[in-house]
Each structure stands twice: as C-alpha cells, then as structure tokens.
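Peer 1: Take a look at this one; I'll ask things after.
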Amino acid sequence: MQRSKKFDWKKNLISPEEALTKIRPGMTVFIGTGPAAPLTLMKTLLESDGQNVRDIELVQLAIQGNVILSVKDLHIQNYRLKTFFSGFVSSKTIKSGLVDLIPAYSSEIPELINKGKIPIDVAFIQITPPDSAGYCSLGVAVDVAREAMDKATIVVGEINKGMPFTYGDTFVSIKDFDLLVNSTQEPFPHEPPQVSEQMKKVAENVASVIKDGDCLCFSNGSLFEALVPHLQDKKELGIHSLYFTDAMAKLVKSGAVTNSRKTPFRGKSLTSYAIGSKKLMNWLHRNPLVEFQGTDFVCNPIFIGKIPQFVALYQAEKVDLSGGVSFPLTGSVITGPGEVVDFFQGAEASEEGCTIIGLTSRNLKGDSNILFSLMDYPNQLRLRESVYMIATEYGVANLKWKTLRERAQAVIEIAHPDDRQSLVEQAKEKNLLYADQIFISHSAHLYPTHIACNAIFKNKIPIRFRAIKPSDEEQMRRFFYRFSDEAKFYRFFYSVKTMAHDKMQEYVNVDYSKEMSIVGLTGKPGDETIVAEARFVRDDRSYYGEVAFLIDDSFQGLGIGTYMLNLLIQIAKEQGIMGLTAEILSDNLPMKKVFEKANFPMEAQLENGVYCLTMHFNE
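FYI, the numbering for the sequence shown is 102 to 720, going by the numbering used here.
Right under this line is the structure:
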C-alpha cells in the first residue's frame, strides 16, 4: 500500500468529501469502533448521494454516538452493514434485512480480519494529532483498528484534537495513512448512568462476594457505577476489562485498584475501549496507569485464565431459574454474548476465579426480571453452567455445581417477594421443584437481611452469619448427617437417624413472623458450608421464644454458641419478645454455660434429667 512520505501532515489534510471520492462501488469500508468512531467521515458518508458510494458494505464492531445507523440511513442501493453485535444503534436494523450479523467471540475478530475472512478495502480510523516524532495514538478504542489498517488498500485518518493520547498498542505513524481529514466533532461523551436505589442494593450484594486481590472485568451500566462506593475499601484489586469507564477511574484514584497482583502488565489496568465522560477522557490523556491492547489479547480466555482471582462481572436484562441469562441490547456488552463467553471461560480457568451476574429483580415497568424460562428471549448467553452467582437487591444466589432444583430454589429467593409465589408454582408444575415444596408467601417479605454479619473466633476462624433460606435444604441435610449420635440426641432429645426432604424443608422454610433461624457459614463466598444453626420459636401465649442450637462437632468450643445466642437475644428484643427459654439435657454442660454467660436473669429447673431454662429480658 502506497504511504505518504511527507511529515508535514497538515499540508496533506483534505476535506471529508474529497476523501470519499477515493471510494468505488462495491467496496468494504471498516469504521472505527465505539468511542473512537470517526464521526465526521461517517456523517459525510451517510449524507452523500454520490454515484461512487453505492452498494457499499460497512463493517463495524459497534457504533455509538450521535451518528446513527438506522434503516433510514441504510438504503439498500447504497449501504449494507456487517456487524458483530446486534445491540446499540444497529439493533433495530437486524429485522429489516439490511444488516448481516456475524456471531463471533471477541477474541476471534482480529484473526478473522488478519486472515482475510472479512475483506477490508477502506479503513476509517480516528486518531490523535501526531507527536513530535510523527506518531499518533488510536486513543480510546484499539480493538481491531490495527488489523483493519494493515488489510485496507486505502487508510483514512480522522484527526481529532479532543481524543486522548493513550498508551499500549496504540501508536501508529502519521505516514501509515493515505488520506487525512480534520474531525469537526469532539469525541461523543457518555456520562455515567443514573443509579436507582434498587441497583445500589444489587451492587452492595455483588461487592459482598468480591475479595481483596480480585481482578475485575467491568462493563458499561448502572451496576458498575453503583459498585464504586462498595469497592473503595477493598485492597489490591486489579482491572482487566474490555471497557474502561468513569467508575474504574474512580476506583483507581481511590487506591482500591493497584493491579499489584497481575502479571504481565503489573501495576496497569488493561483494556481495549474507554467509554465515559469528558472528565474521563482528560484523565486518560497520557496516563501510564491504563494500557490499551487489542481484543485478541484483552479477550483471550487463555491469557485471562492465567490471572488469579479473575472475576467476570456483567449486568443482565433477564435471568431464569436454571441460570440462563439475557443481556440488554444496549449498554452492557459491546459484541454480544460472544464477548461474555471469552471472559467467562477465562474466569473459569482462573485460580479462585468466578462469574457474577447482577440485575434488579424487576424492571422499571414493574415486570419481573426473573422468569421461569427465557425461551426465545433475545441476546442470550446459553452457558448456564458458567454462571457461578446471580445477584439482585434481595441477595446472591450461588449456582455453581448445584442441581437444577437447587438452582431454582436459590434464584427464586432473590426474585421480588411478590413474584416468588408464581415462580414456585411454575417450577412445581414443570417438576423443577418437588410437588410438595413448601412456600410461605407472607414470609418472603420478612426475610431479615439486616442481621447478616461476620465474626472472627478462636484460631482466627472467620464465620459469616445470616438468616436461613429454603435453598439451604441440601446444606442443612448434610450438616445433620455430620453430627454424632450424641449431638443429635442433645438437640432433638431422641435418636434421629434420617432427615428426609419432607422434614428438612419444613425446617428450612421459616415463618419469620413467628420464628427466627440463623446459620453460621465458613468458607469463601460462593463456596460456603453451614457449620452452625440457632433458632427461636415464639410462643404466642407467653411471648417467650424457645431456643435450640446445632453446632458442628469440629467447631465447638470456639465461642460460636455464645455469639449466636447474643444475636438471637438482640433480634428477639427488637421483636418485643419477653425472653427466651430452652430445654437442655443435664449433662450438656457446655450449652448450659452458654446461657449463663448471657448476663440476664435466669431461672433453671431440673426435671427428669432436663434443665428447663428461662431467660428474662425485662427483669
């Protein structure tokens, strides 16, 4: 390809209209992507009625900005669009038949262009003005621009003074361009999205399972903006993400993101695109903390898999009871589910990696975002096996290695309380849940999320506490079978050999208007084990609560019983309960001492080898 040898590039500037005269009918024109779209060239092309710009094929990854590719623009005799993503502005044109959609993984797209699978005749690329050495930057969108330039016979550079000069695989010589035009428009800004109160709670729940040292894959959407205040206290986070946004810049500036545990690119956030406000663009200008690389590198699941604690996090439109996911057509992903697959596969290969889907339980119209089945819902990720966790404002459902029945139970628990009854009935009708599955509808609104807490016990053993859930059935069943016969006798006062589904589901389906059950869990978020359970059941006549405990044999003597009793006391007092009662076998001295430590007036009566204890709150 013939290249200009003149370094005085300003003398080579031509008008956009003159640049279009080099195009011939039938050519394929690559258009720079997303935030670095060459808006001046695009606008001129779409408004042209020249005979030479007929039957033109446009190739893009995604177009954003104020130049819109619509059915009106894509006259059948003039243009046809070939894209890798059906969302953003091109989503309305798919059904028109004027758009060719190429399903592909983001990591594959550069190779498709390199091998000529998608021929490129002309490349429209937006660049910064050159530096003193004659080098420009590709700015805030690297993706496949370099591959398109290498394959095109005509490379047109649109020089934009408002484009930040970024570092990484972004440097191109001004001599690599056959034609140069001046941009007449600033890069199109994307202000941070508005965040609802519901999404703030979703973000809080997502942040609860993100650990110090995790390397995050962010995207564009209200969930990620809402996450910032909940992640600023984390330590040594990393960023390896297709997108870099205002939210990420805030995390870097807060000190939570250091990228200190990553190799390579230690100390740098890795990305292909930056989408955000003008403030973000100014911050990125010549900022060495952010490294821009092509999608073949950033989206490579093999490379991602070598990063420890990699977290692939995405915002969804809908989910179903088996873990199926549908993404929004705008804003969340740039190349569709193919992008998500790359990052999910990398997360699954990563040591201690995980995948998280976040969404509100209902949309703005009040319709449930959790469905029994997605069926033919658009923009689906058909890899339910790869979804580790789903979070809404009502909690986090852990799905990894769970049966379909367990998945359904967990997802129903994070649906809007008013939608759970319908989901249970649908699941029972389709045999996804047991036909005798219990559901206490009024209790769905009463789940006490506020009691969740963490504590450190002897030998630095961390335990997380929360109220019991119906989806704990299998965990509680295994918990029961870990007990010695003696421990079971202490708890139930008779020899209990089995705990079948009908008994256990009654145990874990709690009517929170009458009783309270707290479980203690150990292990990492998403892979926890129940090691303790304590509850009280209110007597409506006396207004006292009867208490019972279960603590794993290997976790006894650590102070867990005392801690859980204090939690129950606090909750009982908040509910107006007068006191607590318990029946303890006379030789169960450790549990008797737990009650004596509570520092409340206590009555104790010994009858037939059983202590009947009564604790009074108001005396």
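For every residue, glycine included, the Cβ atom is placed at its ideal position computed from N, Cα and C.
Based on DSSP bridge pairs, tell me the residues matched to residue 413.
Peer 2: Answer is 318, 456, bridged to residue 413.
Peer 1: Is the distance from the Cβ of residue 564 to the Cβ of residue 672 below 8 Å?
Peer 2: Not in contact: residue 564 and residue 672 (Cβ atoms no closer than 8 Å).
Peer 1: Is the beta carbon of residue 620 sitting closer than 8 Å to the one on residue 666?
Peer 2: Going by C-beta atoms, residue 620 is not nearer than 8 Å to residue 666.
Peer 1: Looking at the structure shown, is residue 706 part of a helix, part of a strand, or coil, going by DSSP?
Peer 2: Note: residue 706 maps to strand in three-state DSSP.
Peer 1: Who pairs with residue 499 in a beta bridge, going by DSSP?
Peer 2: Paired residues: 490.
Peer 1: Identify whether residue 681 lies in helix, strand or coil by the three-state DSSP scheme.
Peer 2: Three-state DSSP puts residue 681 in a strand.
Peer 1: So, does the stretch 441 to 457 touch the stretch 372 to 390, judging by three or more C-beta pairs under 8 Å?
Peer 2: Result no; under three Cβ-Cβ pairs closer than 8 Å.
Peer 1: Under 8 Å by Cβ, that's how I've got residue 549 and residue 514 pegged, so tell me the actual separation to the nearest angstrom.
Peer 2: In fact, because the Cβ distance is near 13 Å, the residues do not count as touching under 8 Å.
Peer 1: Scan the stretch 372 to 403 and note each continuous alpha helix (DSSP H) run of 4 residues or more that stays entirely inside, going in chain order.
Peer 2: For the stretch 372 to 403, whole alpha helix (DSSP H) runs of length 4 or above, ordered along the chain, are 379 to 385, 396 to 399.
Peer 1: Whose C-beta lies closer than 6 Å to the C-beta of residue 629 among residues of the same chain, with five residues either side of it excluded?
Peer 2: Taken in chain order, the residues that qualify are 622.
Peer 1: Between the beta-carbon of residue 540 and the beta-carbon of residue 527, is there less than 8 Å?
Peer 2: No. Outside cutoff.
Peer 1: Among all the DSSP beta bridges, which residues are the ones paired with residue 716?
Peer 2: Note: residue 716 sits in a beta bridge opposite 681, 703.
Peer 1: Does the distance from the CB of residue 750 to the CB of residue 470 come in under 8 Å?
Peer 2: In the structure displayed, the chain extends from 102 to 720; residue 750 sits before or after that span and is not available.
Peer 1: If we ignore side chains and look at the alpha-carbon of each, how far apart do residue 279 and residue 376 end up?
Peer 2: So the alpha carbons of these two residues sit roughly 28 Å apart.
Peer 1: Count the other CB atoms within 10 Å of the CB of residue 229; is the residue buried (16 or more) or exposed (fewer)?
Peer 2: With 16 or more Cβ atoms within 10 Å of its Cβ, residue 229 is classed as buried.
Peer 1: Please determine if the stretch 443 to 459 and the stretch 543 to 560 are in contact, where contact requires at least 3 C-beta pairs separated by less than 8 Å.
Peer 2: The stretch 443 to 459, when compared against the stretch 543 to 560, does not touch it at the 8 Å Cβ threshold.
Peer 1: Only counting the same chain, and skipping five residues up and downstream in sequence, which positions put a Cβ closer than 7 Å to that of residue 740?
Peer 2: An answer regarding residue 740 cannot be provided, because it is not within the stretch 102 to 720 covered by the chain.
Peer 1: Which residue or residues does DSSP assign as beta-bridge partners of residue 602?
Peer 2: Looking at the DSSP assignment, residue 602 forms no beta bridge with any residue, so it has no partner.
Peer 1: Measure how close the beta-carbons of residue 179 and residue 154 come, nearest whole angstrom, since I'm counting them as under 8 Å.
Peer 2: With a Cβ gap of about 7 Å, residue 179 and residue 154 count as contacting.
Peer 1: Decide if residue 502 is buried, meaning its Cβ has at least 16 other Cβ atoms within 10 Å, or exposed.
Peer 2: It is exposed - the Cβ of residue 502 has fewer than 16 other Cβ atoms within 10 Å.
Peer 1: How far does the beta strand (DSSP E) with residue 555 in it reach, from first residue to last?
Peer 2: Taken as a continuous stretch (DSSP letters only), the beta strand (DSSP E) holding residue 555 covers 554 to 558.
Peer 1: Using a Cβ-Cβ cutoff of less than 8 Å, which residues in the same chain neighbour residue 109 once the five nearest sequence positions on both sides are dropped?
Peer 2: Within the same chain, residue 109 has no close Cβ partners at all.
Peer 1: With DSSP collapsed to three states, give me the class of residue 513.
Peer 2: Three-state result, residue 513: helix.
Peer 1: Go ahead and label residue 253 buried or exposed: buried means 16 or more other beta carbons lie within 10 angstroms of its beta carbon, across all protein chains shown.
Peer 2: So residue 253 ends up on the buried side.
Peer 1: Under 8 Å by Cβ, that's how I've got residue 636 and residue 618 pegged, so tell me the actual separation to the nearest angstrom.
Peer 2: Correct: roughly 4 Å between the Cβ atoms.
Peer 1: Per DSSP, what kind of secondary structure is residue 479 in: helix, strand or coil?
Peer 2: Three-state result, residue 479: coil.
Peer 1: By Cβ distance, which residues of its chain are closer than 8 Å to residue 236, with the 5 residues on each side in sequence left out?
Peer 2: Excluding residues within five positions, the ones whose Cβ falls inside 8 Å are 272, 273, 274, 275.
Peer 1: Rounding to the nearest angstrom, what Cα-Cα distance links residue 674 and residue 627 in this structure?
Peer 2: So the two alpha carbons sit approximately 32 Å from each other.
Peer 1: How many angstroms separate the CA atom of residue 409 from the CA atom of residue 487?
Peer 2: Near 17 Å, if we compare the C-alpha coordinates of residue 487 and residue 409.
Peer 1: Beta carbon of residue 311, beta carbon of residue 332: below 8 Å?
Peer 2: Yes; because the gap between Cβ atoms is below 8 Å, this pair is in contact.
Peer 1: What is the DSSP secondary structure of residue 111, reduced to helix, strand or coil?
Peer 2: If DSSP states are grouped into helix, strand and coil, residue 111 belongs with the helices.
Peer 1: For residue 224, report the span of its beta strand (DSSP E) as first-last.
Peer 2: Looking at the DSSP string, the run of the beta strand (DSSP E) that includes residue 224 is 223 to 228.
Peer 1: Considering residue 633, what are the terminal residues of the beta strand (DSSP E) in which it resides?
Peer 2: Run containing residue 633: 628 to 640, per the beta strand (DSSP E) assignment.
Peer 1: For residue 324 and residue 401, I'd like the C-alpha separation in whole angstroms.
Peer 2: In a straight line, the C-alpha of residue 324 is about 24 Å away from that of residue 401.
Peer 1: Since I believe residue 495 is in contact with residue 602 (beta carbons under 8 Å), could you give me their beta-carbon distance rounded to a whole number of angstroms?
Peer 2: Incorrect: roughly 24 Å between the Cβ atoms, too far for contact.
Peer 1: Which residue marks the beginning of the alpha helix (DSSP H) containing residue 145, and which one marks its end?
Peer 2: Start and end: 140 to 148.
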